[in-house]
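As numbered in my numbering, residues 9 to 267 make up the sequence shown, in order. The block underneath contains the structure these notes are about, expressed in structure tokens.
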Amino acid sequence: MTPEHLIVHQQPAPHVAHVQLHRPKELNALNLELMGELRDVLRQLDADDQVRAIVISGDEKAFAAGADIKQMADKTAIDMYNIDQFSTWDTIRRIKKPLIAAVSGFALGGGCELTMLCDLIIASETARFGQPEIKLGIMPGAGGTQRLTRAVGKALAMEMVLTGRLLTAEEAFQAGLINKIVPVPLYLQEAVKMAATIASMSPLAVRMAKEAVLKSFDTTLDEGLQFERKNFYLLFATEDQKEGMQAFVEKRKPVFKGR
Ligand code: HXC
Numbered sequence: 009m010t011p012e013h014l015i016v017h018q019q020p021a022p023h024v025a026h027v028q029l030h031r032p033k034e035l036n037a038l039n040l041e042l043m044g045e046l047r048d049v050l051r052q053l054d055a056d057d058q059v060r061a062i063v064i065s066g067d068e069k070a071f072a073a074g075a076d077i078k079q080m081a082d083k084t085a086i087d088m089y090n091i092d093q094f095s096t097w098d099t100i101r102r103i104k105k106p107l108i109a110a111v112s113g114f115a116l117g118g119g120c121e122l123t124m125l126c127d128l129i130i131a132s133e134t135a136r137f138g139q140p141e142i143k144l145g146i147m148p149g150a151g152g153t154q155r156l157t158r159a160v161g162k163a164l165a166m167e168m169v170l171t172g173r174l175l176t177a178e179e180a181f182q183a184g185l186i187n188k189i190v191p192v193p194l195y196l197q198e199a200v201k202m203a204a205t206i207a208s209m210s211p212l213a214v215r216m217a218k219e220a221v222l223k224s225f226d227t228t229l230d231e232g233l234q235f236e237r238k239n240f241y242l243l244f245a246t247e248d249q250k251e252g253m254q255a256f257v258e259k260r261k262p263v264f265k266g267r
């Protein structure tokens, strides 16, 4: 089914897909329907051998201004519990291919949390990152207290979560939240370029490397090192490892096939 709140751009670069959040009048507020569509599209792209990296963007004015406040306003705790929106987020968290957020304008609340669910963040100079839920009498619910704190440290995370202050792109970069800032006309292009670079690597190595980096958030150093080592050994079972090393020896570019 064609999504209503997303635009899927096929192949802006070889083996790259681009999913655009598309509720421009509502600053791409993440209602349940949009998030359900995003989950389904990402799952399809994750299963598609032709796709090796995925860019998620909004538009120039907003990546996403948060969860849809109007949709949540009159909900009870039990409504929220039954809706169980976070199972959608958990599915997105398990996407194996690299996700690159291309952010311009507002990335607030659930929007900021969605960027942090991605593996890399490219921002335009106008990007603003924040967790303003406190101003609504609630708090972040999709990782904003956890991923943000791990990314920027306790002091800044507390300030953002308790006061709702937004970070400029420059502050977000200085704090280690994002990878790169570029002028507005280039933010999407830059994210696609990053995705294309990743897509030119062995997809198996990329997948296992992503898995291992994410493991570091969940486990002890000792277990993380064991996990890393097993993935490292496993990659020697791939044709891509033979190709990558052979190409180096022969002074040519490798052609990775994902086997
Ligand atoms: C629903 C939203 C929205 C949102 C903006 N809109 N953000 N609708 N949910 N999160 C709507 C506005 O109501 C308005 O619709 C239109 O988009 C344009 O917004 P304006 O406010 O007129 O634009 P502007 O003056 O430029 O201000 C931009 C803004 C402001 C600073 C981003 O819109 C804002 O503060 N938005 C809310 C940000 C926020 O609190 N996010 C956290 C949400 S809670 P109309 O019809 O009036 O023109 C959350 C919890 C996550 O994310 C939990 C886990 C998923």
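By construction, the Cβ of each residue, glycine as well, lies at the ideal position given by its N, Cα and C atoms. Here the structure is a predicted model, which means the values were calculated and not measured.
- Under DSSP, S65 forms a beta bridge with Q28 and A110.
- Its chain contains A165 as the residues whose beta carbon lies nearer than 6 Å to that of T157, once the 5 sequence neighbours on both sides are disregarded; these appear in chain order.
- In the three-state reduction of the DSSP assignment, I130 falls in the strand class, which pools E and B.
- With contact defined as three or more Cβ pairs closer than 8 Å, the segment 189–206 and the segment 106–115 are in contact.
- Annotation for C120: F137, G138, Q139 and G152 place their beta carbon closer than 7 Å to its own, counting only its chain and skipping 5 residues before and after.
- The beta carbon of E41 sits closer than 8 Å to the beta carbons of E12 and H13 from its chain, once the five residues preceding and following it are set aside; these are given in chain order.
- C-alpha of D230 to C-alpha of V214: approximately 22 Å in a straight line.
- Around the beta carbon of V257, fewer than 16 other beta carbons lie within 10 angstroms, which makes this residue exposed.
- Taking the Cα of K250 as reference, the smallest distance to any Cα among C126, R267 and Q234 is reached at R267.
- Judged by the Cβ position, D67 fails to qualify as a neighbour of the ligand HXC at the 8 Å threshold, every heavy atom of the ligand being at least this far.
- If you ignore the 5 residues before and after A131, its C-beta comes within less than 6 Å of the C-beta of V111, A177, I186 and I189, all in its own chain and listed in chain order.
- Distance check between T205 and each of H17, P22 and I15 places P22 closest, using alpha-carbon atoms only.
- With respect to the 9 Å criterion, L53 and T96 are not classified as neighbours on the basis of their beta carbons.
- Here the alpha carbons of T246 and Q154 stand approximately 35 Å from one another.
- Note on F71: 16 or more other CB atoms within 10 angstroms of its CB, so buried under the neighbour-count rule.
- The secondary-structure analysis by DSSP pairs L233 with nothing; it has no beta-bridge partner.
- Checking the 8 Å criterion, the Cβ of L38 is within range of a heavy atom belonging to the ligand HXC.
- Distances taken from the Cβ of L42 to the heavy atoms of the ligand HXC include none shorter than 8 Å.
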